[in-house]
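Worksheet for the structure shown next.
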Amino acid sequence: MPGLTAWAGITQLANVGEGDTVLVNAAAGPVGGTVGQIARIKGAERVVGIAGGAEKCAIVTDTYGFDACIDYKIDGWEAELKKALPDGLSIFFENVSADMAITALDNARTYARGVLCGLAAGYQVQSQDRVPNPLPMGTIIGKRAQLFGLVVYDFYSKWDEFAGEAGKWIQDGKLAFAEDREEGLENAPALFERLMNGQNRGKAVVTVSPEKA
Numbered sequence: 153m154p155g156l157t158a159w160a161g162i163t164q165l166a167n168v169g170e171g172d173t174v175l176v177n178a179a180a181g182p183v184g185g186t187v188g189q190i191a192r193i194k195g196a197e198r199v200v201g202i203a204g205g206a207e208k209c210a211i212v213t214d215t216y217g218f219d220a221c222i223d224y225k226i227d228g229w230e231a232e233l234k235k236a237l238p239d240g241l242s243i244f245f246e247n248v249s250a251d252m253a254i255t256a257l258d259n260a261r262t263y264a265r266g267v268l269c270g271l272a273a274g275y276q277v278q279s280q281d282r283v284p285n286p287l288p289m290g291t292i293i294g295k296r297a298q299l300f301g302l303v304v305y306d307f308y309s310k311w312d313e314f315a316g317e318a319g320k321w322i323q324d325g326k327l328a329f330a331e332d333r334e335e336g337l338e339n340a341p342a343l344f345e346r347l348m349n350g351q352n353r354g355k356a357v358v359t360v361s362p363e364k365a
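The following block contains the structure:
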């Protein structure tokens with residue numbers, strides 16, 4: 153499903169193509185990492201990621217092949233992002249929050265397209281009193297930006313089309329993936345905790361031996 157999510161958002165909604173500059177956050181995760189790679193395969197000129205920590209940024213550049221990855225945990229990361237997008241972005245893929253979407257819009261070209269996929273920053277919020285920042289309507293209008301809400305279930309009918317393309321890309325070495333894997337169900341809670349705390353390194357997977365299933 154993460155692969156279909158990435159494929160649908162970047163090809164069916166954002167319609168990535170030649171010359172695009174793409175920004176994606178949570179870029180070390182299975183959706184974000186796949187978004188950047190598919191964008192490149194489909195002709196994007198530049199792909200930039202945002203992730204938390206040097207280790208995750210290394211996955212983004214070394215495994216997924218992004219041009220750059222900005223560590224949002226360091227001071228002055230917004231300035232570093234601007235340096236990584238000297239001509240602005242034409243597509244952004246939002247996995248984290250309204251705040252991050254605003255940052256993307258601040259770096260957007262006129263007629264940029266944005267895919268709103270997830271709100272990871274709010275998944276662990278305990279209080280319902282916290283209201284996310286609204287998207288800046290003036291900026292959206294001024295930049296003539298198009299924003300698309302993405303729900304992957306809308307694209308299940310295209311599963312075979314996605315699998316056909318992705319399977320060939322994997323065989324050809326064009327599409328890579330990283331997994332944070334544990335052996336045995338007894339280790340699943342710890343892996344799930346890492347996932348919920350943003351400490352996983354790639355797609356969280358638990359392997360269960362047949363004799364233990």
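For the sequence shown, our numbering begins at 153 and goes up steadily by one.
Built from N, CA and C at the ideal position, the CB exists for glycine as well.
Use the C-beta contact count for residue i: other C-beta atoms within 10 angstroms, 16 or more gives buried, fewer gives exposed.
i	result
residue 302	buried
residue 315	exposed
residue 212	buried
residue 226	exposed
residue 153	exposed
residue 293	exposed
residue 280	Residue confidence for residue 280 is low, a pLDDT of 49 falling below 50, so the modelled location carries little weight and cannot support an answer.
residue 267	buried
residue 166	buried
residue 239	exposed
residue 320	exposed
residue 216	buried
residue 170	exposed
residue 318	buried
residue 306	exposed
residue 337	exposed
residue 222	buried
residue 155	buried
residue 360	exposed
Note the first and the last residue of the continuous alpha helix (DSSP H) segment covering residue i.
i	result
residue 209	206–210
residue 359	Run containing residue 359: none in the alpha helix (DSSP H); it sits in the beta strand (DSSP E), 355–359.
residue 233	229–236
residue 244	Where residue 244 is concerned, there is no enclosing alpha helix (DSSP H), although the beta strand (DSSP E) it sits in stretches over 241–246.
residue 313	311–323
residue 155	154–159
residue 130	A query on residue 130 cannot be resolved here, the shown segment of the chain reaching from 153 to 365 and no further.
residue 202	It is not in any alpha helix (DSSP H) - residue 202 instead sits in the beta strand (DSSP E) that spans 198–203.
Measure the Cβ-Cβ separation of residue i and residue j and say whether it is below 8 Å.
i	j	result
residue 162	residue 187	yes
residue 257	residue 295	yes
residue 250	residue 218	no
residue 220	residue 244	no
residue 355	residue 330	yes
residue 202	residue 158	no
residue 262	residue 230	no
residue 177	residue 252	yes
residue 196	residue 174	yes
residue 333	residue 304	no
residue 297	residue 342	no
residue 271	residue 248	yes
Following the continuous beta strand (DSSP E) through residue i, name the residue where it begins and the one where it ends.
i	result
residue 190	Run containing residue 190: none in the beta strand (DSSP E); it sits in the alpha helix (DSSP H), 182–193.
residue 226	It is not in any beta strand (DSSP E) - residue 226 carries neither H nor E in the DSSP assignment.
Write down the C-beta distance between residue i and residue j rounded to the nearest angstrom, noting that I regard them as a contact closer than 8 Å.
i	j	result
residue 242	residue 172	5 Å
residue 269	residue 246	6 Å
residue 326	residue 193	6 Å
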